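Colleague:
Protein chains in written order, with the working numbering: chain A, 1 to 203; chain B, 1 to 203.
1. Is residue 22 (chain A) close to chain B? Criterion is C-beta to C-beta, closer than 8 Å.
2. When the cut-off is 8 Å and only beta carbons count, does residue 48 (chain A) lie next to chain B?
3. Rounded to a whole number of angstroms, what is the C-alpha to C-alpha distance between residue 97 (chain A) and residue 90 (chain A)?
4. In terms of DSSP beta bridges, what is residue 126 (chain A) paired with?
5. Following the continuous beta strand (DSSP E) through residue 160 (chain A), name the residue where it begins and the one where it ends.
6. Between A:169, A:30 and A:5, which lies nearest to residue 148 (chain A) when the distance is taken from Cα to Cα?
7. Whose C-beta lies closer than 8 Å to the C-beta of residue 42 (chain B) among residues of the same chain, with five residues either side of it excluded?
8. Could you spell out where the alpha helix (DSSP H) holding residue 21 (chain A) opens and where it closes?
9. If you compare alpha carbons, which of A:167, A:181, A:193 and A:192 is closest to residue 29 (chain A)?
10. Which term fits residue 17 (chain A), buried or exposed, when burial requires 16 or more other beta carbons within 10 angstroms of its beta carbon?
11. Taking all protein chains shown into account, do 16 or more other C-beta atoms lie within 10 angstroms of the C-beta of residue 1 (chain A), making it buried, or fewer, making it exposed?
12. Let me check understanding here. Comparing Cα to Cα, which of A:14, A:62, A:23 and A:146 lies closest to residue 120 (chain A)?
13. What is the DSSP secondary structure of residue 175 (chain B), counted as helix, strand or coil?
14. Smallest Cα separation from residue 36 (chain A): which of A:193, A:24 and A:4?
15. Please identify the residue among B:126, B:185, B:127 and B:68 whose C-alpha is closest to the C-alpha of residue 99 (chain B).
16. Find the nearest neighbour of residue 20 (chain B) within the set B:73, B:161, B:203 and B:112, judged by alpha-carbon distance.
17. Determine whether the Cβ of residue 1 (chain A) lies closer than 8 Å to any Cβ atom of chain B.
18. Buried or exposed: which applies to residue 62 (chain B), given that a residue is buried once 16 or more other Cβ atoms fall within 10 Å of its Cβ?
19. Put residue 76 (chain A) into one of helix, strand or coil per three-state DSSP.
20. Taking one C-beta from the region 69-76 of chain B and one from the region 102-111 of chain B each time, how about it: are there three or more such pairs within less than 8 Å?
21. Listing by chain order, which chain A residues have their CB less than 9 Å from the CB of residue 154 (chain B)?
22. Going by Cα to Cα distance, which pick from A:133, A:49 and A:124 is closest to residue 200 (chain A)?
23. Give a yes or no on whether the minimum CB-CB distance between residue 157 (chain A) and chain B is below 8 Å.
24. Going by alpha carbons, who is nearest to residue 142 (chain B) out of B:71, B:126, B:132 and B:113?
25. From the beta carbon of residue 19 (chain B), is the nearest beta carbon of chain A less than 8 Å away?
26. Can you tell me which of B:45, B:87, B:39 and B:49 puts its alpha carbon nearest to the alpha carbon of residue 56 (chain B)?
27. Determine the burial state of residue 229 (chain B): buried for a count of at least 16 other Cβ atoms within 10 Å of its Cβ, exposed for fewer.
28. Consider the Cβ of residue 124 (chain B): report whether some Cβ of chain A lies at a distance smaller than 8 Å.
29. Please classify residue 172 (chain B) as buried or exposed, where buried requires at least 16 neighbouring CB atoms within 10 angstroms.
30. Name the residues in the region 26-52 of chain A whose C-beta lies less than 8 Å from a C-beta of chain B; which are they?
31. Measuring straight from C-alpha to C-alpha, what distance separates residue 85 (chain B) and residue 44 (chain A)?
32. Could you check the C-alpha separation between residue 106 (chain B) and residue 174 (chain B) for me, to the nearest Å?
33. Going by the CB atoms, is the gap between residue 24 (chain B) and residue 191 (chain B) shorter than 8 Å?
34. Since residue 157 (chain B) contacts residue 184 (chain A) with CB under 8 Å, what's their CB separation in whole angstroms?
35. I'd like to know if residue 64 (chain B) contacts chain A, where contact means its C-beta is closer than 8 Å to some C-beta of that chain.
36. What does DSSP give as the partner residue(s) for residue 99 (chain A) in the beta ladder?
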């Protein structure tokens, strides 16, 4: 039976954080079905301008197997939304894999889901999570970090590499390789590959 | 004054073809403003599931400086839409840069805009354009190809590399470098870099 992936939308989310991973999961017909969810159903404006339709509001969102949380400048406001972070905490119990890209990690940190866990996030704004949620073991140099069901990734394009690693885990390596080749994507398969930690002065 | 970029939507477009480049152009506030356009205004379903809102229909689309055309399985139907290909031919006269990603190139070929020009497209389905539009000089090995105002790219993720090259041309190298670093993207700056031509048996 197909897994249902919920892709979270909020005002001023970052488009590639969301659609990089969805390019991969959305090309697994019969295996993954993508639904979009936001505080309320309807169009949600991205930080880059285009509006994406939320299929469901938080209360009517179907049961999810996978949950994808993008980052973007909108996370600064979204972390203050207790309805949203409570919903994430509630859904964390049911999902098989919870994924964040970029500053989307802050939403899980705010929900308390990463306390005592290893996680990473955008390398350009690393001091914000490090100082705000000190109970998280922030990993400064990593393309992505896996800890239990929580997969967190570095900035924007890192989400694509993480998504392919999740596909390799849930389906198989062959499926992940096929998706990377079909999308002509040079997949960074090594979670420790992270030249941007140095570029942004973290190591 | 800011340039206006029109991002074309049609049923079953490929999400990363569109949102890879928009990640870059959409993060140039004051320099580029992104609008979405489709045959009719309203939600348009992507091949991966999520629906994106078209701000404008073809008749009420504002004057554009840049036009971005994604690919996806929906191009097979879209090439038969004469209203759409006529609109592209008409808008080609006014824009400064016309960009296609993946099989999106087929729409320009069908509009006759690439006759006698060099162009590239998705490497997995290359025989379709080669046999359908033989008046185009199809380049089998290239990440992207520039010919006059027409920039065409290989499959899916190649659009991101092309977009950064266009940014470097329209703004400057520093802006393109900043966007690549901020999005933690390993930019392939060389238009002749194309391992996928070999993977897909084209060379």
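Yeah, the Cβ is synthetic: ideal placement off N, Cα and C, and Gly gets one too. Owing to the predicted nature of the structure, the values given are computational and were not obtained by experimental measurement.
Modeller: Short version:
1. Sequence index remark: in the first chain, residue 22 (chain A) carries index 22 (1-based). For residue 22 (chain A), the nearest beta carbon of chain B is closer than 8 Å to its own beta carbon.
2. By 1-based counting over the first chain, the position of residue 48 (chain A) is 48. Look at residue 48 (chain A): its C-beta is under 8 Å from a C-beta on chain B.
3. As a first step, residue 97 (chain A) must be located in the first chain, where it is residue number 97. As a first step, residue 90 (chain A) must be located in the first chain, where it is residue number 90. Taking C-alpha positions only, residue 97 (chain A) is separated from residue 90 (chain A) by approximately 14 Å.
4. Numbered from its first residue, the first chain carries residue 126 (chain A) at position 126. In the DSSP output, where bridge partners are listed per residue, residue 126 (chain A) has none listed.
5. Mapped onto the first chain, residue 160 (chain A) falls at position 160. For residue 160 (chain A), no beta strand (DSSP E) run applies; the uninterrupted alpha helix (DSSP H) run containing it begins and ends at 158-170, by DSSP.
6. Here the question's residue 148 (chain A) lines up with position 148 in the first chain. Relative to residue 148 (chain A), the option among A:169, A:30 and A:5 whose CA is nearest is A:169.
7. Here residue 42 (chain B) corresponds to residue number 42 of the second chain, with the count starting at 1. Excluding residues within five positions, the ones whose Cβ falls inside 8 Å are 53 and 54.
8. If you number the first chain from 1, residue 21 (chain A) lands on position 21. From DSSP, the alpha helix (DSSP H) with residue 21 (chain A) extends over 15-25.
9. Reading the first chain from its first residue, position 29 is the one you call residue 29 (chain A). Comparing Cα-Cα distances from residue 29 (chain A) to each of A:167, A:181, A:193 and A:192, the minimum goes to A:167.
10. Here the question's residue 17 (chain A) lines up with position 17 in the first chain. Residue 17 (chain A) should be labelled buried.
11. Residue numbering aside, residue 1 (chain A) sits at position 1 when the first chain is read from its first letter. Classified as exposed, residue 1 (chain A) has fewer than 16 neighbouring CB atoms from the shown chains inside 10 Å of its CB.
12. If you number the first chain from 1, residue 120 (chain A) lands on position 120. The shortest CA-to-CA distance from residue 120 (chain A) to any of A:14, A:62, A:23 and A:146 is the one to A:146.
13. Here residue 175 (chain B) is taken as the residue at index 175 of the second chain, counted from 1. DSSP places residue 175 (chain B) in helix when its eight states are reduced to three.
14. Taking the first residue of the first chain as position 1, residue 36 (chain A) is located at position 36. Answer by Cα proximity: A:4.
15. If you number the second chain from 1, residue 99 (chain B) lands on position 99. Cα-wise, what sits closest to residue 99 (chain B) is B:68.
16. Counting from 1 along the second chain, the entry for residue 20 (chain B) is found at position 20. The shortest Cα separation from residue 20 (chain B) among B:73, B:161, B:203 and B:112 belongs to B:161.
17. Within the first chain, residue 1 (chain A) is the residue found at index 1, counting from 1. No, no contact with chain B.
18. On the second chain, position 62 is the one that residue 62 (chain B) refers to. With fewer than 16 Cβ atoms within 10 Å of its Cβ, residue 62 (chain B) is classed as exposed.
19. Walking along the first chain from the start, residue 76 (chain A) turns up at place 76. Helix at residue 76 (chain A).
20. Taking a cut-off of 8 Å for Cβ pairs, the region 69-76 of chain B and the region 102-111 of chain B touch, as three or more such pairs fall below it.
21. Start at 1 with the first residue of the second chain, and residue 154 (chain B) comes out as number 154. Result: 184.
22. Translated into positions along the first chain, residue 200 (chain A) becomes position 200. Ranking A:133, A:49 and A:124 by Cα distance to residue 200 (chain A) puts A:124 first.
23. Within the first chain, residue 157 (chain A) is the residue found at index 157, counting from 1. Yes, its Cβ sits closer than 8 Å to a Cβ of chain B.
24. Numbered from 1 along the second chain, position 142 holds the residue referred to as residue 142 (chain B). Per the Cα distances, B:126.
25. The residue labelled residue 19 (chain B) in the question sits at position 19 within the second chain. Closer than 8 Å to some Cβ of chain A, the Cβ of residue 19 (chain B) qualifies, so yes.
26. Here the question's residue 56 (chain B) lines up with position 56 in the second chain. Closest option to residue 56 (chain B), Cα to Cα, is B:39.
27. Because chain B is modelled from 1 through 203, residue 229 (chain B) falls outside the range shown and cannot be assessed.
28. Locating residue 124 (chain B) in the second chain gives position 124, counting from the first residue. By this cut-off, residue 124 (chain B) is an interface position.
29. Taking the second chain and counting its residues from 1, one reaches residue 172 (chain B) at position 172. It counts as exposed.
30. Answer set for the region 26-52 of chain A: 26, 27, 33, 34, 35, 36, 43, 46, 47, 48, 49, 50, 51 and 52.
31. Taking the first residue of the second chain as 1, we reach residue 85 (chain B) at position 85. Taking the first residue of the first chain as 1, we reach residue 44 (chain A) at position 44. So the two alpha carbons sit approximately 29 Å from each other.
32. Against the second chain, residue 106 (chain B) aligns to sequence position 106. Against the second chain, residue 174 (chain B) aligns to sequence position 174. A direct Cα-Cα distance of roughly 32 Å separates residue 106 (chain B) from residue 174 (chain B).
33. The count along the second chain starts at 1 and reaches residue 191 (chain B) at position 191. The count along the second chain starts at 1 and reaches residue 24 (chain B) at position 24. Contact: no.
34. Along the second chain, read from residue 1 onward, the residue named residue 157 (chain B) stands at position 157. Along the first chain, read from residue 1 onward, the residue named residue 184 (chain A) stands at position 184. Under the criterion of beta carbons closer than 8 Å, residue 157 (chain B) and residue 184 (chain A) qualify as touching, at roughly 5 Å.
35. What you label residue 64 (chain B) is simply residue 64 of the second chain in a count that begins at 1. It does not; no Cβ of chain A falls within 8 Å.
36. What you label residue 99 (chain A) is simply residue 99 of the first chain in a count that begins at 1. Paired residues: A:68 and A:151.
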